[in-house]
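*Asks:* Here it is, the structure in full.
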Amino acid sequence: MTTVPPASASALPAPARRRTRLTPGRALAWVSLAVMIVISVFPIFIVLKTALTTNQALFGEASTLWPAQPTLINFQRVLGLLSPEAAQAAGGSGSSISFARAMQNSAVFTFIIVIGQTFFSAMAAYAFARLKFPGRDAIFTLFLIALMIPAIVLSIPNFVTIKNLGLLNTMPGMVAPFVLMSPFAVFFLRQFFLSLPRETEEAAYLDGAGPLTIFWRITLPMSQGPLITLGILTTIGMWNEFFWPFLIARDEAAYTLPVALQVFKTQTPQGAPDWTGLMAGTFVAIIPVFLLLIVLGRRVVESLAFSGAK
Numbered sequence: 001m002t003t004v005p006p007a008s009a010s011a012l013p014a015p016a017r018r019r020t021r022l023t024p025g026r027a028l029a030w031v032s033l034a035v036m037i038v039i040s041v042f043p044i045f046i047v048l049k050t051a052l053t054t055n056q057a058l059f060g061e062a063s064t065l066w067p068a069q070p071t072l073i074n075f076q077r078v079l080g081l082l083s084p085e086a087a088q089a090a091g092g093s094g095s096s097i098s099f100a101r102a103m104q105n106s107a108v109f110t111f112i113i114v115i116g117q118t119f120f121s122a123m124a125a126y127a128f129a130r131l132k133f134p135g136r137d138a139i140f141t142l143f144l145i146a147l148m149i150p151a152i153v154l155s156i157p158n159f160v161t162i163k164n165l166g167l168l169n170t171m172p173g174m175v176a177p178f179v180l181m182s183p184f185a186v187f188f189l190r191q192f193f194l195s196l197p198r199e200t201e202e203a204a205y206l207d208g209a210g211p212l213t214i215f216w217r218i219t220l221p222m223s224q225g226p227l228i229t230l231g232i233l234t235t236i237g238m239w240n241e242f243f244w245p246f247l248i249a250r251d252e253a254a255y256t257l258p259v260a261l262q263v264f265k266t267q268t269p270q271g272a273p274d275w276t277g278l279m280a281g282t283f284v285a286i287i288p289v290f291l292l293l294i295v296l297g298r299r300v301v302e303s304l305a306f307s308g309a310k
């Protein structure tokens, strides 16, 4: 009997690579995608180009795609690295807004809300998904209705409450309406908690664990992806939040970045806005969110797609 030796790995034929045909429809889709990317990125490019242009050359180089002599002096003066005299000599409007302090306030404002809103929304979502109590479905329906109420409607009663509590111009006053939860966060996490296997929780119940132990030791560790996604989405929303901090913050020491940009725009003793400084401040405000999306953007898309499929 003749034994056939097994073929070595190197002798095996390489798997054929599947080639995708470039059909007219696919080509049109790629062209459309490229056009949308250019349309989306071009405003950010103009912001960067204006921020790198001197005030003296701003209107003379308006039709060019890149400044003839790029400079970082606009970033230096909005970050407070130049004296007021040097900033005015560089074409500044004389504004005294410190974007470095505003960035610090935005970071604290965003961090407190992200931590608080993610944690408390997870607790509420777990209660709606796993616990049984009278009126659970009715209360959750109210949460869904709250999603349809414009936030501007609640601004006046919230402002009166914060004023009566003496929290105007303070960080607690700025974070108070957002820190506990948001209807979207509760809905988003509830959809994921409903998909978790019940067998693990039932085994924990048999071992004597209570709901709080199960939530802390089982549910949260199994939900890292959606929690991170919610944290990213909340970070983007709160970093760009303008209206509420604008109502509460009265002194420069309490300004967040969006508020500082608005005040910087209005501080124009010469009458014309300081466009190069304003664009430098805007680009500084964009950088953290832009980096966050580059690093964790895929996780956000995957979790949103998963949540939408439930």
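Just so we're aligned, residue 1 is where the sequence shown starts under the UniProt record's numbering, counting upward by one. Quick reminder that beta carbons are idealized off the backbone N, C-alpha and C, glycines included.
Check whether the Cβ atoms of V47 and M279 sit closer than 8 Å, and answer yes or no.
*Replies:* Going by C-beta atoms, V47 is nearer than 8 Å to M279.
*Asks:* Can you tell which of N158, L144 and V263 has its C-alpha closest to the C-alpha of A125?
*Replies:* Nearest option by C-alpha distance: L144.
*Asks:* Would you say A285 and L257 are within 8 Å of each other, going by their C-beta atoms?
*Replies:* In contact: A285 and L257 (Cβ atoms closer than 8 Å).
*Asks:* Measure the alpha-carbon distance for A68 versus L230 and round it to whole angstroms.
*Replies:* So the alpha carbons of these two residues sit roughly 43 Å apart.
*Asks:* Apart from the five residues on each side of it in sequence, which residues of its chain come closer than 8 Å, Cβ to Cβ, to M123?
*Replies:* If we look at M123 and ignore the five residues flanking it on each side, its Cβ neighbours are F215.
*Asks:* Please work out which residues of its chain come closer than 6 Å, Cβ to Cβ, to A87, disregarding the five sequence neighbours upstream and downstream, and give them in chain order.
*Replies:* Cβ within range, chain order: R77.
*Asks:* Please decide whether T213 counts as near chain C, where near means a Cβ-Cβ distance under 8 Å.
*Replies:* The structure shown contains no chain C; it holds only a single protein chain.
*Asks:* Hey, quick one: how far does the alpha helix (DSSP H) through K132 stretch, first residue to last?
*Replies:* Segment: none, K132 is in no alpha helix (DSSP H) and carries neither H nor E.
*Asks:* Got a sec? Which residues, its chain only, sit under 8 Å from Y255 by beta carbon, not counting five neighbours each side?
*Replies:* Excluding positions up to five away in sequence, the list reads I97, R101, A102, N105, P245, A249 and V263.
*Asks:* Using the Cα positions of A185 and M174, report the straight-line distance between them to the nearest angstrom.
*Replies:* Roughly 19 Å between the two C-alpha positions.
*Asks:* Kindly give me the distance between the Cβ atoms of W66 and K49, rounded to whole angstroms, as I take these residues to be in contact under 8 Å.
*Replies:* Confirmed, about 6 Å.
*Asks:* Can you tell me whether R190 is buried or exposed? The criterion is at least 16 other CB atoms within 10 Å of its CB, across all chains shown.
*Replies:* Buried, since its Cβ has 16 or more Cβ neighbours within 10 Å.
*Asks:* Within the continuous alpha helix (DSSP H) that includes A61, where are the two ends?
*Replies:* For clarity, residue 61 is Glu in the given sequence; the question names Ala instead. Premise fails: E61 is in no alpha helix (DSSP H) and is neither H nor E.
*Asks:* Check this for me: beta carbons of S182 and S223, under 8 Å apart or not?
*Replies:* Against a cut-off of 8 Å, the Cβ pair of S223 and S182 comes out as no contact.
*Asks:* Which residue from M148, P177 and R198 puts its Cα closest to that of V160?
*Replies:* Comparing Cα positions, the closest option is P177.
*Asks:* Which residue wins for smallest C-alpha separation from F192, given the options R130, A51 and A62?
*Replies:* Checked all of R130, A51 and A62; the closest Cα to F192 is R130.
*Asks:* Indicate whether F140 and F128 have their beta-carbon atoms separated by less than 8 Å.
*Replies:* Contact: yes.
*Asks:* Where do the ends of the alpha helix (DSSP H) carrying N74 lie?
*Replies:* Run containing N74: I73 to V78, per the alpha helix (DSSP H) assignment.
*Asks:* Out of curiosity, what's the CA-to-CA distance linking G281 and L142?
*Replies:* Cα to Cα, G281 sits roughly 40 Å from L142.
*Asks:* May I ask which residues mark the beginning and end of the alpha helix (DSSP H) holding M181?
*Replies:* No alpha helix (DSSP H) contains M181, which DSSP labels as neither H nor E.
*Asks:* Leaving out five residues on either side along the sequence, give the residues of the same chain with a beta carbon under 7 Å from the beta carbon of T200.
*Replies:* Same-chain partners within the cutoff: I218.
*Asks:* I115 to P221, Cα distance in whole Å?
*Replies:* The alpha-carbon atoms of I115 and P221 are separated by roughly 16 Å.
*Asks:* Could you work out which residue in G277, F290, L291 and E241 is closest to G80 when comparing CA atoms only?
*Replies:* Looking at the Cα atoms, G277 is the closest of the given residues.
*Asks:* Between A51 and P157, what straight-line distance do the alpha-carbon atoms span, to the nearest angstrom?
*Replies:* Using only the alpha carbons, I get a separation of about 39 Å.
*Asks:* Which residue comes first and which comes last in the alpha helix (DSSP H) that contains E202?
*Replies:* R198 to L206 is the span of the alpha helix (DSSP H), which, as asked, contains E202.
*Asks:* Going along the chain, which residues of its own chain have a beta-carbon closer than 7 Å to the beta-carbon of residue 354, five neighbours each way excluded?
*Replies:* Absent from the structure is residue 354, since the part of the chain shown begins at 1 and ends at 310.
*Asks:* Which residue from L296, F290, R298 and G297 puts its Cα closest to that of F45?
*Replies:* The residue with the shortest Cα to Cα distance from F45 is F290.
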